[in-house]
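Residue numbers (the numbering used here): 1238 to 1576.
Ideal Cβ placement from N, Cα and C applies to all residues, glycine included.
These figures come from a predicted structure and were not determined experimentally.
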Amino acid sequence: MTEILQKQINLQQISSNKYSASWHNDWVVGKTLNGGHLASVLMHAARRHLLLDPTLAARDQPDVLSLHIEFLHACEVKDTTITITTLRTGSSTSTLLLELSQDSGTPGKSRPNAIAIANSTNFDKVLGPSAPTDWTLHPPPKPIPNFALVEAHKPEPNWISCTVAGELLPFTRRSLCLNPRGGFPTAGVYDAWNSFRDGELMDATYFGLLSDFIPAVGDSLTGEGMYNAHAFYEKMEQWDKENPGVPAPLTNTIAEAMKAPTFSQTVTLNLEFRRRVPAEGLRWVFTRTAAKMMEGGRMGVDITLCDGNMNLVCEAHQLILALDAQRKFLSRKSKPSSL
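Below, the structure is given as structure tokens:
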């Protein structure tokens, strides 16, 4: 069941190269829409266009190989328009330019909120040689969880589970997250397993969201802010001692967020897929979030995403700024779609 996110996006073709997309309360952070969900909107639009555009469809390249996004302006809580231009077509890959925009408030005018470059491929086609490497995650993650124990709310020897139900990003009320027992001993490295309750599965569209569904690295390195991975883990560990195996019920509020000194703003996001995400979707996705340094509020964050068997599926990278949190949380006037 991968339809929930796609239904929320509600992508509609309005011309040969233009699409409209809705928004949903699940995506809201303060007065803006979450960048990870917008990445999923762009991913969904690119995948749809590869199938609907006659020239691109003839190339038989239905998969997004890479997606590079530049976030230019924050998106308000209102609908978006995605305009797609084919920059080149090729026998092995084609290149698309996507512009995500919103009504500027001036009749007949809009401004680009994000631009993206997508490259297509067909993972069923062999384009060249394959060879194994000695690549591995370092430090090594905990063993793959016993997902049956997790889903039965029984203690898992290496992982602790939680849910988050709060005012920021309400979609987390449907999610189930696992953190490694013992927390995060290596500064700048944060492992997690993510899933959704009630049978919701994750196809390629979800990977824009998943690449942003990570701890706030700045909060975690400084020990300040509400998305500090270490503080989250302490709450999870305490809960697990008294309620073994039961997901820890975490929460958040806008009032708490406004007390934080900074928030993370993503400047760019890159996604590179190493294999096709199954059309039926994945039940569990592993994420390794790693930062090499943070200096003057600037940092790069690498995100490694694997399937339930720890097969590498996608590699992502974010360029992030840590900025004054007071800018983020103001009242909003728009009303969401009814979905």
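CB contact flag (residue i, residue j, <8 Å)
| i | j | result |
| --- | --- | --- |
| ALA1485 | CYS1399 | yes |
| HIS1281 | LEU1248 | yes |
| PRO1392 | PRO1515 | no |
| PHE1421 | HIS1375 | no |
| MET1473 | ASN1416 | yes |
| LEU1508 | ALA1559 | no |
| GLY1518 | ASP1440 | yes |
| THR1505 | GLU1307 | yes |
| SER1277 | THR1541 | no |
| THR1292 | THR1323 | yes |
| ILE1397 | ASP1477 | yes |
| TRP1260 | ASP1316 | yes |
Selection from the options that minimises the alpha carbon distance to residue i
| i | options | result |
| --- | --- | --- |
| GLY1272 | GLU1532, VAL1550, PHE1500 and THR1490 | PHE1500 |
| GLN1243 | SER1457, GLU1336, LEU1438 and VAL1314 | LEU1438 |
| SER1341 | LEU1333, ILE1381, CYS1312 and VAL1301 | CYS1312 |
| SER1357 | LYS1379, LEU1334 and PRO1366 | LEU1334 |
| TRP1264 | ARG1418, LEU1447 and GLU1307 | LEU1447 |
| ALA1424 | HIS1261, PRO1299, VAL1454 and ALA1385 | VAL1454 |
| PHE1360 | ILE1397, HIS1554, GLU1240 and PRO1299 | PRO1299 |
| CYS1414 | GLU1532, TRP1521, THR1320 and ASP1297 | TRP1521 |
| GLY1545 | THR1343, ALA1385 and GLN1339 | ALA1385 |
| ALA1389 | LEU1309, ARG1434 and SER1253 | ARG1434 |
Three-state class that DSSP yields for residue i in the structure shown
| i | result |
| --- | --- |
| LEU1334 | strand |
| HIS1554 | strand |
| LYS1496 | helix |
| PRO1486 | strand |
| ARG1569 | Annotation note: pLDDT 43 at ARG1569 (below 50); position unreliable, coordinate value reported separately. It is coil, neither helix nor strand. |
| GLY1537 | strand |
| GLN1298 | coil |
| PRO1394 | coil |
| ASN1262 | helix |
| LYS1346 | coil |
| HIS1310 | coil |
| ARG1418 | coil |
| ALA1662 | Residue 1662 is absent from the model: the chain starts at 1238 and stops at 1576. |
| LYS1268 | coil |
| ASP1435 | coil |
| GLN1249 | strand |
| ALA1276 | helix |
| ARG1285 | helix |
| ALA1385 | helix |
| PHE1523 | strand |
| LYS1529 | strand |
The ligand ZN heavy atom lying under 7 Å from the CB of residue i
| i | result |
| --- | --- |
| GLN1502 | You won't find the ligand ZN in this model; it holds no ligand whatsoever. |
Supposed contact pair residue j and residue i - C-beta distance, whole angstroms, cut 8 Å
| i | j | result |
| --- | --- | --- |
| THR1318 | LYS1268 | About 20 Å; that fails the 8 Å criterion. |
| ILE1550 | ARG1511 | It should be pointed out that residue 1550 corresponds to Val in this sequence rather than to Ile. About 6 Å separates the two Cβ atoms, so the contact holds. |
| LEU1279 | LEU1337 | 6 Å |
| GLU1461 | ALA1429 | Incorrect: roughly 20 Å between the Cβ atoms, too far for contact. |
Within the chosen definition, does the stretch 1364 to 1377 reach the stretch 1341 to 1356 through at least 3 CB pairs nearer than 8 Å? no
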